[in-house]
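Colleague: First to last, the sequence lines map onto chains A and V. So for the first sequence, numbering that gives the first Met the number 0 puts the first residue at 0; every next one is plus one. So for the second sequence, numbering that gives the first Met the number 0 puts the first residue at 0; every next one is plus one. We treat Cβ as the ideally placed atom computed from N, Cα and C, and that holds for glycine. I have a structure I would like to understand better, so I am pasting it below and will then ask my questions one at a time.
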Amino acid sequence: MNQLGNWATVRLIAGREIKVRLASRAYRVLTIVMVVIVVGLCVALKLFAGASSGTHVGYLPADAAIARELPAVGTSIGQQITVQPVTDQATGEQQVSAGTLDALLVGNGQQINVVVQKNIDKNLGDALNVLARQAALDQQITRLGGDPATVLTQAAGASAHVTPLQAPYPYQTQQLILGIIAGVLIYISLMLNGQFVAQGVVEEKSSRVVELLLATIRPWQLMAGKVAGIGLVGLIQILVIGAAGVAAGLATKVLTVSVSAAVGTVAWLIVWYLLGFFMYAVVFAGLGALVSRQEDIGGATAPALVFLVIGYVLSISILPSDPSNHLVEVLSILPMFAPTAMPMRLAMGGVPPWEAIVSVGLVVALIPLLIWLAARIYRNAVLRTGARVKLRQALRAA
Amino acid sequence: MSTAGLEIDKVSKRYGDVVALRDMTFEVRPGELFGFVGSNGAGKTTTMRIALGVLAADAGQVRWAGEPITLETRRHIGYMPEERGLYPRMKVAEQLVYLARLHGMTTKAATRSVQTWLERLGVAARRDDEVQKLSLGNQQRVQLAAALVHDPSILVLDEPFSGLDPVAVDVMSQVLLEKCADGVPTVFSSHQLDLVERLCDRVGIVRDGEMVACGRIDELRAGGTERLVIDAPAAPPDWAADLPGVTAHTHEGHRTVLELRPGTDDQTVLRAALATGPVREFARRRPSLTELFRNVVNEQGVTA
């Protein structure tokens, strides 16, 4: 009989985990569903973006002068507006009803009257209000004996001078979306694969096979093999989903950020998935060993889950509207929240390099400590079937 | 080479205030089948778990071939835990190959060995079924295969016969005897004392975490009282009451069971019996292991 080295043993155990996971229907279905969601999201964004490419406004001959200025005003507030002449009001209103026109100008060249189907598009309303105010101003200036054109040029030239002490990061909507997707993906992965580790530990405990295993191998080998196997399977999943997402985003041209930025996001995602997984998985393995029934896993892993959930919920609810939020900035450096908060920030961009390095460093430093702690709990609790083992007992017992 | 077997030397273990094992000592020599008997909670399972390194002893040592047992030597033990356990959702053959490989076998050797044992134990037809789909009896056979599949050089089996049907008991007994013939020291615990008596070379009786009797069954019997069973249908009920050396007599149907003082001449008894009429049966009854067990356990209970 051959000698079986430590790592050969761990590889053998990991191999079994991988085989079992890859063969499970739940795993394959979940991966496919996630790929479909990510690709579907890209397609949906594409369709949505195509539909709202601009606003079409019709105008009667009397409003030709106003209509001529409308596109320029629209551009200044970031709204694409196209105009087209309409022969008479009835035809125009028909087109508004049919949806080919978003609005119809029916004024007399002085006042701005607009007909819409139901509600006016907010940006179009703003643009028209600007024009209305300007028309009113022009009239007043002319009445006071001034030249509206001169006043306008002067006014346009005047603006407040802003001196930023810290250059703000120009966040792009695209990167924000990328960040949200990265956050959701990593959260689901950590949550699921972490739970799989706990379930796997409890399965061995409840089926009592663990005694047979531990008569041949050491507890740490069993724990390490399980964590490595499930982690690898999770990594394959996140790689498939990430690659499908980036490919779909670039193919549909929804993602106009450079390929390197997109790949960078995926690379960071993988780094943080691995860090987050190893950090949480060993803790879940230790906590899972405390209980003997699948129903009790939730309760046993709750203390660790809380950190995962808090990090995720705060990041996903704050970052999209406020990417440079201070609270999340702090959270993303703390090891227990970093795996969910940091990848989102990294995808959104504007993270100072030192923050990225420190957060990775802290997690890397914490992992050996957690492994030591979890291995101790695991070793002491995994053979005690029956009632839930108290955490303090598991830590103390030699 | 008598000391080259599995030695349990003064192993002690306590859980808080409860003493589970106190100086547990015995030895299983190569090629010897050792029966481990005792009431529930006497410490049999704890001893076996310590021998397998699943549990740590507070004091004492477990040795194999004169050397303290290590993880490497444990790989050569075939173990059947009291709490049966296999992965419920893993296929029978796949699982056994996996377990054999954990014990250091190559995939090829493991696959071959698994097939052999599944056939031997009569579950070859179920090799590609999930363990949880098997009947309890068949799961038990697979469990036994798990203990044997890596060709162990020591066998430690906790209650290997419980839950087996008579056919499986025969197969199991056969396997144990064969392994012994190959020189594998085997220790197993059981409550089926007739089986232990039939199979084992030596037995150990444990009580409250201590070995109270250990040796060959005829050695253990040596101290016991001698009994005679006589079937003399025509004899009056108290025919043997006044015979010299008879200390007690009881009736089992029309048989009379006599207890004799050591050194009493049984031929005197036979003559007395013949004097009453025909004698259909005249036999020495050696105390069974069950009786020895009861005696040992009760004696100790009184003196403790």
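So, using beta-carbon positions, are Gln138 of chain V and Val130 of chain V closer together than 8 Å?
Modeller: Yes, Cβ-Cβ distance for Gln138 of chain V and Val130 of chain V is below 8 Å.
Colleague: Going by DSSP, which residues form a beta bridge with His75 of chain V?
Modeller: DSSP, once it has assigned bridges, lists no residue as partnering His75 of chain V.
Colleague: Taking Cβ-Cβ distances shorter than 7 Å, what residues in chain B pair up with Arg15 of chain A?
Modeller: The structure shown contains no chain B; its protein chains are A and V.
Colleague: Identify whether Phe336 of chain A lies in helix, strand or coil by the three-state DSSP scheme.
Modeller: Phe336 of chain A falls in the coil class under three-state DSSP.
Colleague: Count Cβ pairs between the segment 307 to 316 of chain A and the segment 222 to 234 of chain A that sit closer than 8 Å; are there 3 or more?
Modeller: Short answer: they don't touch.
Colleague: Rank V:Ala144, V:Arg293, V:Arg254 by C-alpha distance to the C-alpha of Val122 of chain V and give the top, closest one.
Modeller: The option with the nearest alpha carbon to Val122 of chain V is V:Ala144.
Colleague: Check the Cβ of Ala145 of chain V against every Cβ in chain A and list those closer than 7 Å, keeping chain order.
Modeller: Those within 7 Å of Ala145 of chain V in chain A are Leu211.
Colleague: Using the beta-carbon of each residue, which ones in chain A are nearer than 8 Å to Val53 of chain V?
Modeller: Chain A residues near Val53 of chain V: Glu210, Leu213, Ala214, Leu382.
Colleague: Consult DSSP for Tyr186 of chain A and reduce its assignment to one of helix, strand or coil.
Modeller: If DSSP states are grouped into helix, strand and coil, Tyr186 of chain A belongs with the helices.
Colleague: Between Ala272 of chain V and Ala247 of chain V, is the Cβ-Cβ spacing less than 8 Å?
Modeller: Contact: no.
Colleague: Assess contact between the segment 230 to 249 of chain A and the segment 28 to 46 of chain A, defined as three or more Cβ pairs (one per stretch) separated by less than 8 Å. Is contact present?
Modeller: Yes: at least three Cβ pairs fall under 8 Å.
Colleague: Can you give the beta carbon distance from Leu289 of chain A to Leu390 of chain A, rounded, assuming they're within the 8 Å contact cut?
Modeller: Confirmed, about 7 Å.
Colleague: Should Arg20 of chain A go down as buried or exposed, given a rule of 16 or more other Cβ atoms within 10 Å for buried?
Modeller: Answer is buried; the Cβ neighbour count reaches 16.
Colleague: Quick one: list the residues of chain A neighbouring Gly182 of chain V, beta-carbon separation under 9 Å, in chain order.
Modeller: The premise fails here: Gly182 of chain V is roughly 16 Å from chain A at the closest Cβ pair, so nothing lies under 9 Å.
Colleague: Which of the three DSSP states is assigned to Thr384 of chain A in this structure?
Modeller: Coil.
Colleague: Between the Cα of Leu211 of chain A and those of A:Gly385, A:Val381, A:Val270, spot the shortest distance and give me the residue it belongs to.
Modeller: Answer by Cα proximity: A:Val381.
Colleague: Determine, for Gly15 of chain V, whether the minimum Cβ-Cβ distance to residues of chain A falls below 8 Å.
Modeller: Chain A contact via Cβ: absent.
Colleague: Could you check whether Val168 of chain V and Val91 of chain V sit closer than 8 Å to each other, using their CB atoms as the reference points?
Modeller: Result no, Cβ atoms of Val91 of chain V and Val168 of chain V do not sit closer than 8 Å.
Colleague: For Ser291 of chain A, which residues in chain V fall below 9 Å Cβ to Cβ?
Modeller: What Ser291 of chain A touches in chain V: nothing, since even the nearest Cβ is about 11 Å away.
Colleague: Name the residues in the segment 69 to 89 of chain V whose C-beta lies less than 9 Å from a C-beta of chain A; which are they?
Modeller: Per Cβ criterion, the list reads Leu70, Glu71, Arg73, Arg74, His75, Ile76, Tyr78, Met79, Pro80, Glu81, Glu82, Arg83, Gly84, Leu85, Tyr86, Pro87, Arg88, Met89.
Colleague: Under 8 Å Cβ-Cβ, which residues of chain V neighbour Arg217 of chain A?
Modeller: The answer, in chain order, is Leu70.
Colleague: Rounded to whole angstroms, what is the Cα-Cα separation between Gly77 of chain V and Gly37 of chain V?
Modeller: Approximately 22 Å between the Cα atoms of the pair.
Colleague: For a contact meaning CB atoms closer than 7 Å, what does Leu11 of chain A contact in chain V?
Modeller: Within chain V, the residues near Leu11 of chain A are Arg100, Leu101.
Colleague: Should the segment 61 to 76 of chain V be called in touch with the segment 212 to 232 of chain V, which here means at least 3 C-beta pairs below 8 Å?
Modeller: Contact fails: fewer than three Cβ-Cβ distances are below 8 Å.
Colleague: Taking 8 Å as the CB-CB limit, is Arg207 of chain A close to chain V?
Modeller: So yes, Arg207 of chain A belongs to the interface.
Colleague: Taking the C-alpha atoms as reference points, what is the distance between Ile49 of chain V and Asp8 of chain V?
Modeller: Using only the alpha carbons, I get a separation of about 11 Å.
Colleague: Using C-beta distances below 7 Å, list every residue in its chain close to Arg285 of chain V, excluding the 5 sequence neighbours before and after it, in chain order.
Modeller: Correct list, in chain order: Arg220.
Colleague: Helix, strand or coil for Val278 of chain V per DSSP?
Modeller: If DSSP states are grouped into helix, strand and coil, Val278 of chain V belongs with coil.
Colleague: Roughly how many angstroms separate the alpha carbons of Tyr14 of chain V and Met190 of chain A, rounded to a whole number?
Modeller: Approximately 37 Å, taken between the alpha carbons.
Colleague: Can you find the residues in the same chain that come closer than 8 Å, C-beta to C-beta, to Met171 of chain V, ignoring five residues on each side of it along the sequence?
Modeller: Counting only Cβ-Cβ distances below 8 Å, and skipping sequence neighbours, we find Leu143, Pro159, Phe160, Leu163.
Colleague: Report the CB separation of Ala300 of chain A from Leu286 of chain A in whole angstroms; it is logged as a contact under 8 Å.
Modeller: Rather than Ala, the amino acid found at residue 300 of chain A in this sequence is Thr. Right, the Cβ-Cβ distance comes to about 5 Å (below 8 Å), so this counts as a contact.
Colleague: Quick one, are the C-beta atoms of Gly39 of chain A and Ile65 of chain A less than 8 Å apart?
Modeller: Not closer than 8 Å, so no.
Colleague: Going by beta carbon distance, what residues of the same chain come within less than 6 Å of Leu54 of chain V, once the five residues before and after it are set aside?
Modeller: Excluding sequence neighbours, Leu54 of chain V sits near Arg48.
Colleague: In chain V, which residues lie less than 8 Å from Thr8 of chain A when you measure between Cβ atoms?
Modeller: Chain V residues near Thr8 of chain A: Leu101.
Colleague: Compute the Euclidean distance between the alpha carbons of Tyr26 of chain A and Thr255 of chain A, then round it to the nearest angstrom.
Modeller: Taking the straight line joining both Cα atoms gives about 31 Å.
Colleague: Helix, strand or coil for Cys199 of chain V? Go by DSSP, reduced to three states.
Modeller: DSSP places Cys199 of chain V in coil when its eight states are reduced to three.
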